[in-house]
Amino acid sequence: MYPPHPSEPAELRLYPSTDESALPVSPPLATDAQVTLMVGGRKFVTARTTLTAESDYFRRLLSGRWENEQPDGSWFIDADPDLFEHILHYLRYHIAPVFYDNEKGHDLGRYMALLVQTNYFQIDALEIWLKSKQYFNAVKIRCTVEEREGEFDTTVITDADVKFVGPVWETKHVYVCPRGIPVHTNYGLCGKDCKKHRPVTIRYDAGNTLRTAVIKKTVIIDEEACRP
Numbered sequence: 001m002y003p004p005h006p007s008e009p010a011e012l013r014l015y016p017s018t019d020e021s022a023l024p025v026s027p028p029l030a031t032d033a034q035v036t037l038m039v040g041g042r043k044f045v046t047a048r049t050t051l052t053a054e055s056d057y058f059r060r061l062l063s064g065r066w067e068n069e070q071p072d073g074s075w076f077i078d079a080d081p082d083l084f085e086h087i088l089h090y091l092r093y094h095i096a097p098v099f100y101d102n103e104k105g106h107d108l109g110r111y112m113a114l115l116v117q118t119n120y121f122q123i124d125a126l127e128i129w130l131k132s133k134q135y136f137n138a139v140k141i142r143c144t145v146e147e148r149e150g151e152f153d154t155t156v157i158t159d160a161d162v163k164f165v166g167p168v169w170e171t172k173h174v175y176v177c178p179r180g181i182p183v184h185t186n187y188g189l190c191g192k193d194c195k196k197h198r199p200v201t202i203r204y205d206a207g208n209t210l211r212t213a214v215i216k217k218t219v220i221i222d223e224e225a226c227r228p
C-alpha cells in the first residue's frame, strides 16, 4: 500500500491501522540511516531522522510497514521536486522559506503550492506558518530618502536597492559675504569684520543648482520570524 498522492482528498487518505496488534512485526530500523528519495525524477539523499522528526508522513513511510521501497533501496515520491527541495531544507534546518522578489514582492502562488505539500507530508508547524501567512512578518522594508545638491558620483556600493530621482535644476539665492569670502555662504558665518563692511541691505545672488533625490530600499529578512 502506498501513501496517498497530494492530489487526493484528505478524507481518502489511507494510513496503516492504528491497532498495533493488527500490524505485521517489522525489524527495528536504524534511526540515523541514510535515505535516498526519488522525487519527480530528482534524487535527494538525507538522514532518516531528518525526515521523521516533524513529518508524520515519513514516519509512516519509513516505518517498514509500506512495501514501496524500490529495488535499489530508494523511495519513490510523486511530488514536485522544486517544492520538495524547500520541504527538505525546512526539515533539516527548521527555517521556513521566503519567496520574495524586490520588484514583484511575495510569490503568493508559490506559498500556496508549498502549503499543499506541507499538508500532504504532514508537517504541522510549517503548515500553520504558511496558513497564517507569517511570511509577511519575515520581510521588512527600510526606506530612506536623501536630497543631494550639485554634482556627485552615482557609483554606489551597497546592499540596498538605490534609485535616483532627478536631477532637476533649481534657482537658489546664495548669501554674498560683504568681504567676498566664498565659504561664508550664510549670514551666521560672517564675523565682526564682515559685519563692519555689511551694506544696509544683505545681498543675495541668484544661481542655478542641481538637486537629486536618492531613495534607498533595504530588504531585511527576520530570521526569527522564519522559525515556525
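Taking UniProt numbering, I'd label the letters of the sequence shown as residues 1 to 228. We put the CB at the ideal spot given by N, CA and C, even for glycine.
On the three-state DSSP scale, how would you describe A30?
-> Interpretation of A30 is limited by its pLDDT of 49, a score under 50 that renders its predicted location unreliable; no figure is taken from the coordinates.
Roughly how many whole angstroms lie between the Cα atoms of I220 and T144?
-> Cα-Cα distance, rounded: 14 Å.
What's the gap between the Cα of C226 and the Cα of E103?
-> A straight line joining the alpha-carbon of C226 with that of E103 spans about 21 Å.
Going by Cα to Cα distance, which pick from T118, W66 and E67 is closest to E54?
-> When T118, W66 and E67 are compared, the shortest CA-CA separation from E54 is found for T118.
Between the C-alpha atoms of L88 and R65, what's the straight-line distance to the nearest angstrom?
-> Our two residues, L88 and R65, have alpha carbons roughly 22 Å apart in a direct line.
6 Å CB neighbourhood of P178 in its chain, flanking five on each side removed = Closer than 6 Å at the Cβ level, and outside the excluded window around P178, lie C194, H197 and R198.
Check the DSSP bridge columns for H106 and list the partner residues they point to.
-> Beta-bridge pairing links H106 to Y100.
Tell me the start and end of each unbroken beta strand (DSSP E) in the UniProt domain "BTB" (33-92) that is at least 3 residues and wholly inside, in chain order.
-> Qualifying beta strand (DSSP E) stretches, in chain order: 34-39, 42-47 and 75-77.
Relative to the C-alpha of L130, which residue among H106, P71 and I215 is closest?
-> Looking from the CA of L130, the closest CA among H106, P71 and I215 belongs to H106.
Collapsed DSSP secondary structure at K192 in the structure displayed = The answer is helix: DSSP assigns K192 an H, G or I state.
Taking Y57 and V98 to be in contact with their CB atoms under 8 Å, please state how far apart those CB atoms are, rounded to whole angstroms.
-> Incorrect: roughly 24 Å between the Cβ atoms, too far for contact.
Following the continuous alpha helix (DSSP H) through K131, name the residue where it begins and the one where it ends.
-> Looking at the DSSP string, the run of the alpha helix (DSSP H) that includes K131 is D124 to K131.
How long is the line joining the alpha carbons of L29 and T218, rounded to whole angstroms?
-> Confidence in L29 is poor, its pLDDT being 47 and thus under 50, which makes the residue's placement too unreliable to answer from.
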